[in-house]
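So for the sequence shown, UniProt numbering puts the first residue at 1; every next one is plus one.
Think of the CB as a built atom: it goes at the ideal place given N, C-alpha and C, for glycine as much as any other residue.
Reading through the structure tokens given below for one structure.
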Amino acid sequence: MAKPAETRTAGRKPAAKATRSAAETEKIRAALAARRDELRAEYDQTLSEITELQRDRLTDSAGDDQADTGSKTLEREQEISLANNILERITQVERALERLDEGGYGWCERCGNPIPVERLAAFPSATLCVTCKQLEERR
Numbered sequence: 001m002a003k004p005a006e007t008r009t010a011g012r013k014p015a016a017k018a019t020r021s022a023a024e025t026e027k028i029r030a031a032l033a034a035r036r037d038e039l040r041a042e043y044d045q046t047l048s049e050i051t052e053l054q055r056d057r058l059t060d061s062a063g064d065d066q067a068d069t070g071s072k073t074l075e076r077e078q079e080i081s082l083a084n085n086i087l088e089r090i091t092q093v094e095r096a097l098e099r100l101d102e103g104g105y106g107w108c109e110r111c112g113n114p115i116p117v118e119r120l121a122a123f124p125s126a127t128l129c130v131t132c133k134q135l136e137e138r139r
């Protein structure tokens, strides 16, 4: 049985892909590269902070009871989770840059329709149009 998204788009051709001017492409590339660089700096800073906190915890853990140890473990897991989240966002931006190079940036990966400019402005590394993203989130 076909998935709902496949059924809706099976008989329909994707919209013809309009070509973007070189200036528009470079503007998008510069914005994505700047965002990637911001995220990398944030990631490096977060790793530095995690390392510093780990060093402090090792020297300051004498006499900790189970509750203190548990709290420190929870904090460490939250910090690592934050770093992983930043790393995932870096990966998304790099993927958007690849899609830009391949000519697929701004087009939905599922249905092939253009992703609205407003969505790309809010979330530049979007790979799905609003409709397909809503379908994905419902599953």
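query                                                                                      : result
Delimiting residues of the alpha helix (DSSP H) encompassing Ser81                         : 66-102
At least 3 beta-carbon pairs within less than 8 Å: the region 120-128 vs the region 93-103 : yes
Distance, Glu38 Cα to Cys129 Cα                                                            : 25 Å
Identity of the residues DSSP links to Pro116 by a beta bridge                             : Answer is none; Pro116 lacks a bridge partner.
Limits of the unbroken alpha helix (DSSP H) element including Arg138                       : 130-138
Beta-carbon spacing of Gly103, Leu120 below 8 Å                                            : no
Reference Glu43; option with closest CA among Ser71, Glu109, Ser81, Glu137                 : Rather than Glu, the amino acid found at residue 43 in this sequence is Tyr. The residue with the shortest Cα to Cα distance from Tyr43 is Ser81.
Inter-residue Cα distance where the pair is Arg76 and Leu87                                : 17 Å
Rounded separation between Asp65 and Ile50 - CA only                                       : 22 Å
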